[in-house]
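Enquirer: First the structure, then my questions, so here it is.
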Amino acid sequence: MTALLEGHSVSKHFGGLKAVDEVDFHLDEGEILGLIGPNGAGKTTLFSVITGSIPPTSGRVVLEGKDIAGRPAHRVVHSGACRTHQIVRPFARLTILENVVVGILYGRTAGHRPKTMGGARSEARDLLDFVGLGDRAASFPAELTLAGRKKLEVARALGARPRVLLLDEVVSGLNPVETQTLVELIRSVRQRDMSIIMIEHVMQAVMGVSDRVMVLDYGKKIAEGPPGQISRDPRVIEAYLGEEPEETENPDDGTESQGA
Ligand SMILES: Nc1ncnc2c1ncn2[C@@H]1O[C@H](COP(=O)(O)OP(=O)(O)OP(=O)(O)O)[C@@H](O)[C@H]1O
Ligand SMILES: [Mg+2]
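Residue numbers for the sequence shown follow the numbering used here, so the first one is 1 and each next one is one higher.
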C-alpha cells in the first residue's frame with residue numbers, strides 16, 4: 001500500500017553542507033508523525049523541500065501518487081500539503097479574520113474556493129472558532145500573544161484544507177497551559193481527516209501526540225518508530241547529549257507583528 005506522502009532518498013545540500021541527506025520517509029492516512037532532532041538537524045529544511053519553498057538537491061517527494069518535489073510552493077499547497085512556520089509570519093496590517101481569509105483564497109484552487117467574500121469570511125470565522133480565536137477576529141496579529149499567533153498560523157494553514165498539515169514548532173516557546181491547548185488542537189485537527197507531520201523540541205508534546213516519531217541528526221534519519229521506543233533509543237539519546245532538547249526556542253521569535 002502506498003502512503004499519503006512519501007519521500008524517497010530526499011537530499012538538500014547548501015554548498016558542502018548536507019542539511020538533508022538521503023532521507024526516506026512516509027506518512028500514512030490519518031497519522032501524526034513527529035519529527036525531532038537537535039538544532040540544525042535539517043527538520044525545517046525537510047519541510048521546505050516537501051512544501052516547495054526550496055527544491056531538493058535530489059530525491060522524490062510523492063503526495064497522493066504525484067511527484068511534487070521541485071513544484072512551486074503555491075502548487076504544493078493546491079496539491080494538498082500546507083505548512084506553518086517556525087517563525088510565525090502573520091500579515092501584520094490585516095485583521096486576524098482577514099489573515100485566515102487569505103489562507104482560504106490563496107490556499108485553494110479556484111474550484112474549491114468559497115463563491116463569495118462573505119462565504120470566505122464565514123469559513124474563516126469557523127476556523128477561528130475552531131482554534132480558539134473566535135473572539136479576536138477583528139483584532140490585529142500584534143495584539144495576540146505568541147500562543148495566539150501560533151493558533152492563527154494553524155487556522156490560516158487549515159484554510160487551505162490540506163490533506164497533510166506540516167507543523168513547525170507550534171508548541172515551542174509556550175507555557176505548559178498553552179502547550180496543552182495546542183496539543184489538544186493538534187489532536188482535533190486529526191479528527192478533521194487530516195494527516196500531520198509535527199516538528200517539535202518539546203518532548204512531552206511530541207511524544208504524547210505522535211503515532212510514530214522520526215529522528216534526524218546532521219541531515220540523516222537515525223531512528224524511526226513508536227514514541228516509547230524512540231525515547232529509549234541509544235542513538236537518539238546520544239544525538240541529544242550535550243544539549244537540552246526542551247524549550248530551546250526563544251519565546252519571542254521575532255515575528256514582524258511584534259511591538260506594534
Ligand atoms: N538557506 C540556507 N542556506 C544555507 N544553509 C542553510 C539554509 N537553511 C538551513 N541551512 C543550514 O542547514 C542546516 C539545517 O537547518 P534547519 O533549519 O533545517 O535545522 P532544524 O533541524 O530545523 O533546526 P532547529 O531545530 O534549530 O530549527 C543548518 O546547519 C542550517 O544552518
Ligand atoms: Mg527548524
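Ideal Cβ placement from N, Cα and C applies to all residues, glycine included.
Can you list every residue whose CB sits closer than 7 Å to some heavy atom of ligand 2, going in chain order?
Expert: Put simply, the residues with a CB less than 7 Å from any heavy atom of ligand 2 are LYS43, THR44, GLN86, ASP168, GLU169, ILE199, in chain order.
Enquirer: For GLY30, count neighbouring C-beta atoms within 10 Å of its own C-beta (all shown protein chains included) and say buried if the count is 16 or more, exposed if not.
Expert: exposed
Enquirer: How do the stretch 145 to 155 and the stretch 76 to 92 stand: do at least 3 beta-carbon pairs fall below 8 Å, yes or no?
Expert: Touching, yes.
Enquirer: Could you give the distance in angstroms between the alpha-carbon of ILE36 and the alpha-carbon of SER231?
Expert: Approximately 11 Å between the Cα atoms of the pair.
Enquirer: Can you name, in chain order, every residue of its own chain whose Cβ lies under 6 Å from the Cβ of LYS18, other than the five neighbours on each side?
Expert: GLY219
Enquirer: Which word fits MET117, buried or exposed, when buried means at least 16 other C-beta atoms lie within 10 angstroms of its C-beta?
Expert: exposed
Enquirer: Which whole-angstrom value is the C-beta distance of ASP28 and ALA3, which I expect to be below 8 Å?
Expert: 5 Å
Enquirer: According to the Cβ coordinates, are LEU182 and VAL170 closer than 8 Å?
Expert: yes
Enquirer: When you measure from the CB of GLY37 to every non-hydrogen atom of ligand 1, does any distance come out below 7 Å?
Expert: At least one heavy atom of ligand 1 is nearer than 7 Å to the Cβ of GLY37, so yes.
Enquirer: CB-CB under 6 Å to PHE47, same chain, minus the five flanking residues each way: which ones, in chain order?
Expert: ARG83, LEU166, ASP168
Enquirer: How many angstroms separate the CA atom of ALA223 from the CA atom of SER11?
Expert: If you draw a straight line from the Cα of ALA223 to the Cα of SER11, it is about 17 Å long.
Enquirer: Using the rule of at least 16 other Cβ atoms within 10 Å of the residue's Cβ for burial, across every protein chain shown, is GLU6 buried or exposed?
Expert: buried
Enquirer: Let me confirm a value: PRO280 is counted as buried when at least 16 other C-beta atoms fall within 10 Å, else exposed. Which label applies?
Expert: Residue 280 lies beyond the range of the chain shown here (1 to 260); nothing can be said about it.
Enquirer: With DSSP as the reference, please indicate the residues paired to LYS221 in a beta bridge.
Expert: DSSP, once it has assigned bridges, lists LEU216 as partnering LYS221.
Enquirer: Quick check: the Cα distance between ASN250 and GLY16, rounded to an integer number of angstroms?
Expert: With a pLDDT of 48 at ASN250, under the threshold of 50, the modelled position of that residue is not reliable, and the figure given next carries that caveat. Computed Cα separation, rounded: 28 Å.
Enquirer: Quickly, what does DSSP pair VAL6 with across the bridge? List them, please.
Expert: With the sequence shown as reference, residue 6 is identified as Glu, and Val is not the correct amino acid for it. Residue pairing by DSSP puts GLU6 in a beta bridge opposite HIS26, VAL62.
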